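Asker:
Protein chains in written order, with our numbering: chain A, 1 to 691; chain B, 1001 to 1335.
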C-alpha cells in the first residue's frame, strides 16, 4: 500500500541548509581533532614499471615531518585482493598518478614541501593507454556472455533488410567527477580502544567504507567506525573507498593515537578517485519508412585498468528504451595502463544515451519524421529487456508536455535555417531513462524517546542531495506524525546498516526500511507506544515481475555564433516521470543539477590524457572545464503528477541520475538543428563548428 | 610550500633595491599568478618583496589626451574607470573578459602584463619544460596543444601569453615605465614581451630588479570606437582560444586607420601589423578584411591539434572589423 502523503510532496527546506550556508556544518575534514598530523601524497611519475629507488632522507629532514611512508615501511595489509586498495604494498606501478609515498607532518605546508623532496627512480616500461575500437585485445567484461551467433545473425538480417538505416559511431571522452568538497578523511588509530580505527570520511556510504577497509587492516567490523556527517557531493566518486582511504588508514596506523588529516588535492583526484572511461559506441538502427524500429544494435568499447576491472555499460539504456524486434548489444573492454575507472553519475546510461539519442535524431531525419513522433511510435508496451510490464512509463506524456512547454512547434526541421540577430538557433530533444534500483540490506531503527519524539536511525548518507530532509518527511508520514517529532540520525556506522547513496537508490532503499519499521511500530505498539519502544526493519524485497524505471524528456535550445562557432545554451527543459516527488525543492535541485552536468559534458568536459606519458594533463579546474554560471541559462525541470505504487511504499523513484541522462544528446541534437553539423564526438566545441 | 622571506617595500626604490640584492627575490603584487606557481612548485623565490601597497594605484590623464595607469591599479578598477570606458573601450572589455571577478579584484596592471605564459606542462613540475627547466625539452610539442601558439613559436616552446589586457594595450601602442637601480626608463609594450626563440625561460626583456611603475596609453581618438572579442571554450573563466583587439577609422568607405592585435596565438600579445598594412587605404569591405586577415595569418604554423586556430583567428578578425565598420554605418557589408 502506498503511503499517504502529508509531509511528502512539500518543498520543505533542507534541514541542514542553515548550518551549511552559515559554514557551521562540519564536513569530514572539519571534525575537531587534537594534535593532528597532515598527509600529503606522492604520485608515480611513470605509467608502468617498477620503483627502482625512493630517496626520502631529504623529506624526513624537513622541520615538522613526522614520518614518510613508502612501500618499504608501510604496514602490510591483511587482505589485498583488490589491487586498487593495495596501497604502498609493492614497488610496482600500474598507472601514472598511483600513490607511491606519503609524508606525515605537523603542518600541511611541511607535508607538501617534503613530498616534493622525495626522489624516485623507476625501471619504466612502455605504457599502453590509448583506447581504440580496432584494438585486437578487446574483450568482454568479466562475467558477461557476448551475444550468441543466432542473435547476431538475426540482427544482421533485420538490419540489412530495413527500409531506413543509421550506422554511426559516437565517442565520449575520459571524464572526471569534481565534487566541490574534495575527497577527505580524518583517521585515528587507537590501540587502547575497542574501536581501533575511526574515520571521518567524505563518502557516499559509511558501511561500505567499513566493510571494505576493515579486512585490509585485519579488523573485525566492530573494530572500525566510519562517520560522514555532511558530504559536499560525490557523483559516484565517493561511492566506494579508493586508494586515498587506505592511505589515510595506513597513515593513522603509523602514528597511533594521533589523528591524521588527509585532503586529496584537486590535481591528484584525476588519477585517484575514479573517472568515467572514454567510450566508442557504434549504433545501428534499422527502421521502416515511418520510423518503426526493426533492428537496434549498440556496440560499445571502453577502457578498464590493469589494476581492477570496471565496465562502463553503455548498452544499458538501449535494452529498454525503445521497441524493436531485433536487438544486439555488445560491450568490449581494453585493459590499459590507466587509472582505475569507476562510477560517475549514471554510469553506462549517461554516455550510452548520448549515442542512442543522437542516433535516434539521425533516424528521425532519415525518415522525415519529427524526433518526438519517432520516439512515440517506438514506445514499447512491455520492457524489451525483461518482457515484464512497466510499473509506469509515461515517456510519451513527458515528450508531449515538454514539446508544448518548450515551444517545439517553432523548430524548423531543416537544420541551419533559423537565425536570431545573426546567431544560428536550434532545438533538440532526447529521452532520459534510469532504472529504479532497490538495494537490499538497509536497516532502520525507530525508538520512542522520552521527549515524545521518534528517533529514526539509519546509516544512510546525505551527500548534498537532500536525503536528510526527504527521509525525515518519509518518516513523518510513515509514523503519521509531524516532521518536528522525527529525530533522524544518519551518517555513522554506529547506526543500523545502510547501503550506499548511489544508483539513485537511496530514498527507495532507506525510505522503504523506515516505512517498514514504522508500520511494525504502529502494528505492534499502536498509536501511543511507550517511551523506549524500539523496532527495527530491513528494506523489503524489490517487486518482481515488473519493470520499474524513471523516464524523462529533455529539450535544449542552442545559439551558435556563425563566425567563431561558439555555442551558448540559453535554455533547457526537462520533464520527468519519476513517481512521487518526496521534496519538490531538493528534487528540483537534483534534476537541474543533473541536466547542468549533462550540459557540461556536452560542451566542455574532457580529461586529456597524454598517451606519451599516461598523464591526465589538464588536471585542475582552470583546465578541466566545467560549466560556469555564465554558461548555464534557464534550466528548468518539472515532473508529471505521478505516484508509482509498485516502485516502493512511497510511490517514488530515484532522481539523482536521470537528469544527466539524455541532456548531452539534447544539446548535440540542438547543435545539429542550428548548424547542420552533426558532431558525434563529445565535447562539442567551437572549432568543430567553424566554417 | 618552500619557506621564503617576506618584506613590504617602503617605496618603489626600496623595492628595487631589495630585489636587486637577492638573486632569488621576486616582486609580489596581486599574487594571482605568482602564488599559484609557488603552490605548484613552478617557482621558488627565497624573498617576496610586496609592492602591492605602494602608492602606484592612480589613473591620471596626461597632457595631450593620453592616460597614465599606475602599476598597482587593480584590473576591476581599471575596467570600470570612466576614462578607460570612454576613450579605450577595447581595454575595458579586454579586462572584463579576463579571469574571474575575484581574480580581477586582486590582479594588478603590472602583474597582468608580467603573468607567465600559460601551458599545462609548464604548470606541472612532473613534466619536462624548457621554460621551467631550460634544456629539459618541450612537452607541449607533440602533446596537448589546444591553447598553444600558431605564430612566432619555436622548437623550444609553443606557450602563449594569456593576458587579455595586454592584447588591448598592444593595439593601443602602450608604453611601460620601468624603474631599475639605474633609474627610470620607458619600454614600448611592443618590446616588453619576447618570442620564445631558444630562451623560452625569459617571457620579457625585463631584468631581475626591474619594477614596472606605470603603463602609459597614448592619445588615440579612434580608440573610442574599438572593441575586444574573446573566443573561448566557455563563457567565463577560460583563457582565449583566439582574441582580437581592434579599432577602426573609416574615411568615405575606405579604411583610414586601424589598430589590430591578437591574443591566444603567440608567446606575446600579437600586433597584426601585416593585416593593418593591407587595411589602410583599402575599401572597408568584408573582402578586404578577409584578405588582410589571411595576409597576417600566412605566417601561421599551427601544431597538430590546434590547426583550427588559424580559421578561428581569421573569422574573428573579420567579424570584429565588420562589427566596427557596421558601427560606422557600413551595415550593408554584414555577411
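Ideal Cβ placement from N, Cα and C applies to all residues, glycine included. Please read these numbers as outputs of a predicted model, since none were measured by experiment.
1) Using a Cβ cut-off of 7 angstroms, pull out every chain A residue sitting near residue 1234 of chain B, in sequence order please.
2) Bridge partners for residue 1185 of chain B per DSSP, in chain order?
3) How many Å lie between residue 670 of chain A and residue 244 of chain A at the Cα?
4) Could you tell me the boundaries of the beta strand (DSSP E) in which residue 639 of chain A lies?
5) For residue 1118 of chain B and residue 1037 of chain B, which I take to be in contact (beta-carbon distance under 8 angstroms), what is that distance rounded to the nearest angstrom?
6) So, does the region 1063-1081 of chain B touch the region 1229-1237 of chain B, judging by three or more C-beta pairs under 8 angstroms?
7) Buried or exposed: residue 302 of chain A, going by 16 or more other Cβ atoms within 10 Å of its Cβ?
8) Sort out for me which residues DSSP pairs residue 549 of chain A with in a bridge.
9) In three-state DSSP terms, what is residue 1216 of chain B?
10) Tell me which residues of the region 1227-1251 of chain B have at least one Cβ-Cβ distance to chain A shorter than 9 angstroms, keeping chain order.
11) Are residue 1279 of chain B and residue 1292 of chain B closer than 7 angstroms when you measure CB to CB?
12) Between the alpha carbons of residue 162 of chain A and residue 328 of chain A, how many angstroms are there, rounded?
13) Anyone know if the C-beta pair for residue 1042 of chain B and residue 1009 of chain B falls short of 7 angstroms?
14) Find the nearest neighbour of residue 1242 of chain B within the set B/1251, B/1250, B/1257 and B/1270, judged by alpha-carbon distance.
15) How many angstroms separate the CA atom of residue 483 of chain A from the CA atom of residue 4 of chain A?
16) For residue 518 of chain A, which of A/650, A/263, A/416 and A/410 has the nearest alpha-carbon?
17) Please list, in chain order, all residues of the same chain as residue 122 of chain A whose beta carbon is under 8 angstroms from its beta carbon, the five residues on each side excluded.
18) Using a beta-carbon distance cut-off of less than 9 angstroms, what residues from the region 561-589 of chain A approach chain B?
19) Within its chain, find whatever has a CB closer than 7 angstroms to the CB of residue 348 of chain A; leave out the 5 residues flanking it on each side and keep chain order.
20) Would residue 183 of chain A pass as a contact of residue 273 of chain A if the rule is Cβ separation under 7 angstroms?
21) For chain A, find out if any of its Cβ atoms is closer than 7 angstroms to the Cβ of residue 1143 of chain B; answer yes or no.
22) Alpha carbon to alpha carbon, what distance is there between residue 1005 of chain B and residue 1201 of chain B?
23) Could you list which residues in chain B have their beta carbon closer than 8 angstroms to that of residue 172 of chain A, in chain order?
24) Is there at least one Cβ from chain A nearer than 7 angstroms to residue 1331 of chain B's Cβ?
25) Can you tell me whether residue 1336 of chain B is buried or exposed, with buried defined as 16 or more other CB within 10 angstroms of its CB?
26) Could you tell me the alpha carbon to alpha carbon distance between residue 125 of chain A and residue 305 of chain A, rounded to whole angstroms?
27) Would residue 1106 of chain B pass as an interface residue toward chain A - the criterion being a Cβ-Cβ separation below 7 angstroms?
28) Can you grab the Cα-Cα spacing for the pair residue 466 of chain A / residue 587 of chain A, in whole Å?
29) So that I know if they touch, is there some Cβ in chain B lying closer than 7 angstroms to that of residue 451 of chain A?
30) Please compile the residues from chain B whose C-beta is within a distance smaller than 9 angstroms of the C-beta of residue 696 of chain A.
31) Taking C-alpha atoms, which residue in A/254, A/139 and A/307 lies nearest to residue 80 of chain A?
32) Please name the residue, chosen from A/540, A/524, A/457 and A/618, that lies closest to residue 509 of chain A on a Cα-to-Cα basis.
33) Please look up how many angstroms separate the CB atoms of residue 116 of chain A and residue 189 of chain A, rounded, as I've assumed it's under 8 angstroms.
34) Looking only at its own chain, which residues have a Cβ that is under 6 angstroms from the Cβ of residue 432 of chain A, when we skip the five neighbours before and after it?
35) Using the rule of at least 16 other Cβ atoms within 10 Å of the residue's Cβ for burial, across every protein chain shown, is residue 1313 of chain B buried or exposed?
36) Report, in whole angstroms, the separation of the C-beta atoms of residue 209 of chain A and residue 241 of chain A, which I expect to be a contact under 8 angstroms.
Answerer: With the given structure in hand:
1) Here the neighbours are 604, 625, 627, 628 and 631.
2) For residue 1185 of chain B, which the question treats as bridged, DSSP gives the partners B/1178.
3) Residue 670 of chain A and residue 244 of chain A: Cα-Cα distance of roughly 41 angstroms.
4) Counting along the chain, the beta strand (DSSP E) containing residue 639 of chain A begins and ends at 634-639.
5) Not really, about 11 angstroms apart at Cβ, beyond 8 angstroms.
6) They do not touch, by the three-pair rule.
7) Residue 302 of chain A should be labelled buried.
8) Note: residue 549 of chain A sits in a beta bridge opposite A/435.
9) Assigned with DSSP and collapsed to three states, residue 1216 of chain B falls in strand.
10) Only those residues of the region 1227-1251 of chain B whose C-beta falls short of 9 angstroms from the nearest C-beta of chain A are listed: 1229, 1231, 1232, 1233, 1234, 1235, 1236, 1237, 1238, 1239, 1241 and 1242.
11) Residue 1292 of chain B sits close to residue 1279 of chain B, with the two beta carbons spaced by under 7 angstroms.
12) In this model, residue 162 of chain A and residue 328 of chain A are separated by some 15 angstroms (Cα to Cα).
13) Between residue 1042 of chain B and residue 1009 of chain B, the C-beta gap is not smaller than 7 angstroms, which leaves the two residues out of contact.
14) Here the closest residue by C-alpha is B/1270.
15) So the two alpha carbons sit approximately 14 angstroms from each other.
16) Nearest C-alpha to residue 518 of chain A: A/650.
17) Around residue 122 of chain A, the same chain offers 44, 45, 46, 49, 50, 51, 52 and 93 as residues with beta carbons nearer than 8 angstroms, after the five sequence neighbours per side are excluded.
18) Within the region 561-589 of chain A, 561, 562, 563, 564, 565, 566 and 568 place their CB atoms closer than 9 angstroms to a CB of chain B, listed in sequence order.
19) Correct list, in chain order: 312, 313, 314 and 316.
20) Yes; because the gap between Cβ atoms is below 7 angstroms, this pair is in contact.
21) It does; some Cβ of chain A falls within 7 angstroms.
22) Just so you know, the alpha carbons of residue 1201 of chain B and residue 1005 of chain B end up roughly 24 angstroms apart.
23) The contacting residues do not exist; residue 172 of chain A stays about 17 angstroms from chain B at best.
24) Low local confidence applies: a pLDDT of 42 at residue 1331 of chain B is under 50, so the model's placement there is unreliable, with the coordinate-based value given in what follows. No, no contact with chain A.
25) Nothing about residue 1336 of chain B can be reported from this structure: the residues present for chain B run from 1001 to 1335 only.
26) The straight-line gap from Cα to Cα measures roughly 16 angstroms.
27) No, its Cβ sits nowhere closer than 7 angstroms to a Cβ of chain A.
28) In this structure, the straight-line span from the alpha carbon of residue 466 of chain A to that of residue 587 of chain A is close to 8 angstroms.
29) By this cut-off, residue 451 of chain A is not an interface position.
30) Not covered by the structure: residue 696 of chain A. The range shown for chain A is 1 to 691.
31) Nearest option by C-alpha distance: A/307.
32) Taking each of A/540, A/524, A/457 and A/618 in turn and checking the Cα distance to residue 509 of chain A, the smallest one comes out for A/540.
33) In fact, because the Cβ distance is near 27 angstroms, the residues do not count as touching under 8 angstroms.
34) The answer, listed in chain order, is 552, 554, 658, 661 and 662.
35) Counting Cβ neighbours within 10 Å, residue 1313 of chain B comes out buried, since at least 16 surround it.
36) Indeed they touch by this definition, with Cβ atoms about 5 angstroms apart.
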